[in-house]
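Heads up: the structure comes next, in structure tokens.
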Amino acid sequence: MRIAIGNDHAAVAMKLELIEHMTTMGVEVDNLGVDTEESMDYPDIAAAVGRAVAAGEADLGVVLCGTGIGVSISANKVPGVRAALCCYEYHARMAREHNFANVCCMGARVTGHELAKAILTAFIETPESEEERHHRRRRKMEALDNAR
Ligand code: RB5
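The sequence shown finishes on residue 162 if you use the working numbering, and the numbering steps up by one all the way, no holes.
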């Protein structure tokens, strides 16, 4: 599995821990930045990760900012992206199983690093549901992309 990860200045330390965690899980990681705490605009990095996922260059994406909110709003503007703000492992499991989320968003100022690793593990390991009702809902979400 290949995962693209990106973050703004508020989440550099969390991103580095999550890269190490994913590497120990055997995940191939594309670090799209940023790696300094100099102020930057989170829509830029959310767009870069979202486009990598939408283009099939990565199987899943991870985007981090202070709250996780800015990157989730931004990543969801990229057609083909279903980004989910995950604060609990349950969010991550349901986001994958029911919502077919392909980008996991977390907030470095609200979620501790150990919890973030557990959330990301759940996001990576939970399979998508095979139940038709969830696929019907995914198709309706995709139709919203196409209606823009
Ligand atoms: C940056 O200060 C902060 O606004 C950003 O990291 C994020 O929390 C936005 O949603």
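All C-beta atoms in this analysis are idealised placements derived from N, C-alpha and C, irrespective of residue type, glycine included. All values derive from a computational prediction rather than experimental measurement.
- Of the candidates 64, 84, 161, 57, the residue whose Cα lies closest to the Cα of residue 122 is 84.
- Counting only runs that start and end inside the segment 23-54, the beta strand (DSSP E) elements of at least 3 residues fall at 42-45.
- According to the DSSP assignment, residue 160 belongs to the alpha helix (DSSP H) that extends over 146-160.
- In this structure residue 132 does not touch residue 111 by the C-beta definition: roughly 16 Å separates them, more than the 8 Å allowed.
- Near the ligand RB5, meaning a Cβ closer than 5 Å to any of its heavy atoms, lie the following residues in chain order: 22, 24, 79, 80, 81, 83, 84.
- Collapsing the DSSP output to three states places residue 132 in a helix.
- Per the C-alpha coordinates, the member of 67, 26, 24 positioned closest to residue 15 is 67.
- Across the structure, residue 113 and residue 95 are spaced so that their CA atoms are roughly 11 Å apart.
- Closest in alpha carbon position to residue 156, among 128, 93, 118, is 93.
- For residue 75, the closest of 44, 57, 52, 53 by C-alpha to C-alpha distance is 44.
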